[in-house]
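Data first, discussion second: the structure below is written as structure tokens.
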Amino acid sequence: MKKQIVRVSVLQSAKVAAIIYLIVSLPLAVLMLIPSMLFGTSLTGVSVGMLIVMPIVYGLCGFIFTALGAWTYNFAASMVGGFEFTTSEVSVG
Numbered sequence: 008m009k010k011q012i013v014r015v016s017v018l019q020s021a022k023v024a025a026i027i028y029l030i031v032s033l034p035l036a037v038l039m040l041i042p043s044m045l046f047g048t049s050l051t052g053v054s055v056g057m058l059i060v061m062p063i064v065y066g067l068c069g070f071i072f073t074a075l076g077a078w079t080y081n082f083a084a085s086m087v088g089g090f091e092f093t094t095s096e097v098s099v100g
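Numbering of the sequence shown is given in my numbering, commencing with residue 8 and proceeding in unit increments.
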């Protein structure tokens, strides 16, 4: 059975992406802090402030670009139709 996604919620998609980007960036920020702790902040330029700022910036960028992408998808889907995919029933177990 073919299905078509004709519209996605811009705000809901952006909120979910922002949370995902924020969560994914936390371990990255910590990993970037390790060399700073080992060799001193003067060598790497990484500070504890970056641990706070980086996830927030990633989350904001994720929100903005996902909202833009969802809006663009809705615009394109209204003109030519949305993504099509085929589904099938799956037995549990």
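Idealized CB from N, CA, C, for every residue including glycine.
Note that the segment 88-99 does not touch the segment 53-62; fewer than 3 beta-carbon pairs, one per stretch, sit closer than 8 Å. Around the beta carbon of A25, 16 or more other beta carbons lie within 10 angstroms, which makes this residue buried. With a cutoff of 8 Å on beta-carbon distance, L29 and G88 are scored as not near each other. In this structure, DSSP gives T79 a helical state, which the three-state scheme calls helix. Around the beta carbon of T79, a 10 Å sphere encloses fewer than 16 other beta carbons of the protein chains shown; the residue is thus reported as exposed.
Within the same chain, A77, Y80 and N81 come within 8 Å of V15 by CB-CB distance, once the 5 residues on both sides are set aside.
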